[in-house]
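K.L.:
The structure follows.
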Amino acid sequence: MKKKLMKTLDSDIVITNIQGKDSVVTIRMTAEKILHQFWKQRKESETSAEKFRIIHTAAKLILADVKDIQYSKDFYPTREVVGDLEENANYLPASLVLFLQALMNKKNETKLKTASIGQAVTQAMRRNILIPTLQIGLGVQLHHLHGFRALIDLLHSLGFCSSYHEVQCFEQCAASSQ
């Protein structure tokens, strides 16, 4: 018991041992200070738990918004759509854009980063349901510049690029439409 008191209250308690008599315990803190410290510790742990609850709720709301958007996998995006920054930003739900902008700088140059990361997140949430314009564009660009399947497959496994198969399908579709 003595060790537990010393460990818990540390320098706020003095235990005096006198030979032949019971130990005398003296508390340096007042009841008010003890209660305040207890309340503060409890509030800090509740704040941390509340923070995680808020983040979890935000994730659920964003997921619901992503699921509500109607995507078409019937048609590939045109070259104009892939190159248009506004069109790529419109591809994402407003809640996801707001979340990503809150995490990043709100400067204009981060619109492309927001769209790119947002499309990667959206693709991770709804795999095989949609064709992210920036990811297909990156895959086609890499295929034209390097023709290296392993690079495209690596970036696809990391969630940053469409699969090599999807790139080939896109290129075949583009060739047949011209």
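The working numbering numbers the first residue of the sequence shown as 99 and each following residue consecutively. The C-beta atom is built at its ideal place from N, Cα and C for all residues, glycine as well.
Where does residue 212 sit, in a helix, a strand or coil, going by DSSP?
P.N.:
Here residue 212 refers to the residue found at position 114 of the sequence shown. Reduced to three states, the DSSP call for residue 212 is helix.
K.L.:
Does the CB of residue 209 have a neighbour CB from chain B at under 8 Å?
P.N.:
Of the protein chains in the structure, only one exists, and it is not chain B.
K.L.:
Please say whether residue 227 and residue 169 have beta carbons closer to each other than 8 Å?
P.N.:
Here residue 169 refers to the residue found at position 71 of the sequence shown. Here residue 227 refers to the residue found at position 129 of the sequence shown. Cβ distance < 8 Å, so residue 169 and residue 227 count as in contact.
K.L.:
Determine the contact status of residue 212 and residue 192, defining contact as a CB-CB distance below 8 Å.
P.N.:
Position 114 of the sequence shown, counted from the first residue, corresponds to residue 212. Position 94 of the sequence shown, counted from the first residue, corresponds to residue 192. Cβ atoms of residue 212 and residue 192: not closer than 8 Å.
K.L.:
Give me the Cα-Cα distance between residue 156 and residue 259, rounded to the nearest whole angstrom.
P.N.:
Translated into positions along the sequence shown, residue 156 becomes position 58. Translated into positions along the sequence shown, residue 259 becomes position 161. Whole-angstrom Cα-Cα distance: 26 Å.
K.L.:
Would you mind stating whether residue 183 and residue 220 have Cβ atoms separated by less than 8 Å?
P.N.:
By one-based count along the sequence shown, residue 183 stands at place 85. By one-based count along the sequence shown, residue 220 stands at place 122. Contact flag unset, no.
K.L.:
Under 8 Å by Cβ, that's how I've got residue 197 and residue 160 pegged, so tell me the actual separation to the nearest angstrom.
P.N.:
The residue labelled residue 197 in the question sits at position 99 within the sequence shown. The residue labelled residue 160 in the question sits at position 62 within the sequence shown. Contact holds; Cβ gap of about 6 Å.
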